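The structure appears below as structure tokens.
Numbering (the working numbering), first residue to last: 98 to 417.
This is how it looks when you write it as structure tokens:
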């Protein structure tokens, strides 16, 4: 994690060596690393470069460290409930709820699914990368996630993912009426300028999404989605590419999309209050890497998506 650090000297750290002060004030960095940073002339006191780690600092001095790298520290956290749908000695499968981040990052290092797995499965965290998490779901996408509990199972499941031996299916509500089942084969990469989002790019990674119609409504379509690949935001980017963005999605979808459809007020209000993409990972199919039996897990849709579907069906039946 790169960042600039500013520090103004107060009475509690007066008349001490600069390396000792910085070790006390900056988390996740060793004194030896601080001394190396000083010797590389990356530390300034009152806009002057400091070359010696034993330099004494005075009251009112302002210290600046330019672009240091600190290692993120992840701590166990028991606050997220693990909604288990399957577990044995090798594998855990959970049904992730909305508003849960899977992996820690610079913006959130403690309140994620991985932190919770660290708490409940400390031995796994010590021996298996990412505490055994095999794949990911976006923060506001609900549904099934696989966690390996030992390194042998982890390596086999990762290999399954690479070789498309884990079959994942999603349910989603998208804008507009889709008349035929289809396939989207468009490469995806990070956006050239907005690095937190993805985009279709001919030089991106191969990305394939299959979609199948479950039910049509006057202004939206209920779809089953199958993935051949697992790129970041893949379903959201692909559905937007064919002009059928996911209802509730707010990054890739035009803000004025309501203008394109005639929607009853009660449904429009419900969609406006729907604070996430209507996307749920409802099904997993794969061969158990140790037991060799077939694992098939399905889940019910979460209540918020069911409520949207219910309103759409009411309106559809009312107009038939």
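From the three backbone atoms N, C-alpha and C, an ideal C-beta is built for every residue, glycine too. Since we're looking at a predicted model, the values are computed, not measured.
Asked	Found
Could you give the distance in angstroms between the alpha-carbon of residue 101 and the alpha-carbon of residue 160?	Low local confidence applies: a pLDDT of 48 at residue 101 is under 50, so the model's placement there is unreliable, with the coordinate-based value given in what follows. The alpha-carbon atoms of residue 101 and residue 160 are separated by roughly 11 Å.
Short of 6 Å in beta carbon distance, which residues of its chain neighbour residue 238, apart from the five on each side in sequence? Order them along the chain.	376
If you draw a straight line from the alpha carbon of residue 444 to that of residue 274, how long is it in whole angstroms?	Nothing about residue 444 can be read from this structure; the chain reaches only from 98 to 417.
Output the boundary residues of the beta strand (DSSP E) element that contains residue 312.	305-313
Using the three-state DSSP reduction, which class does residue 199 fall into: helix, strand or coil?	coil
Which residues in the same chain as residue 409 place their Cβ atom closer than 6 Å to its Cβ, once the five residues preceding and following it in sequence are excluded?	314
By DSSP, does residue 357 sit in helix, in strand, or in coil?	helix
Return the CA-CA distance between residue 214 and residue 290, expressed in angstroms with no decimal places.	34 Å
Tell me whether residue 334 sits in a helix, a strand or coil according to DSSP, three-state version.	helix
Whole-angstrom Cβ separation of residue 345 and residue 368, contact assumed at under 8 Å?	7 Å
In or out: residue 416 buried (at least 16 other Cβ within 10 Å) or exposed?	exposed
Which one of 389, 395, 352 and 390 has the shortest CA to CA distance from residue 381?	395
Could you give the first and the last residue of the continuous beta strand (DSSP E) run that contains residue 69?	Past the boundaries of the shown model lies residue 69; the chain is included only from 98 to 417, so the question cannot be answered.
Helix, strand or coil: how does DSSP classify residue 362 here?	helix
Report the three-state DSSP secondary structure of residue 373 (helix, strand or coil).	coil
Tell me whether residue 207 is buried or exposed, calling it buried when 16 or more other Cβ atoms sit within 10 Å of its Cβ.	exposed
Using a Cβ-Cβ cutoff of less than 6 Å, which residues in the same chain neighbour residue 350 once the five nearest sequence positions on both sides are dropped?	342
Rank 316, 188 and 347 by C-alpha distance to the C-alpha of residue 255 and give the top, closest one.	188
Rounded to a whole number of angstroms, what is the C-alpha to C-alpha distance between residue 277 and residue 240?	26 Å
Looking at the structure shown, is residue 118 part of a helix, part of a strand, or coil, going by DSSP?	helix
Exposed or buried, what is residue 285 when buried is set at 16 or more other beta-carbons lying within 10 Å of its beta-carbon?	buried
Below 8 Å CB to CB, which residues in the same chain sit around residue 398 once its five sequence neighbours on both sides are set aside?	268, 377, 379 and 406
Does the region 224-233 come close enough to the region 249-265 that 3 or more CB-CB pairs lie under 8 Å?	yes
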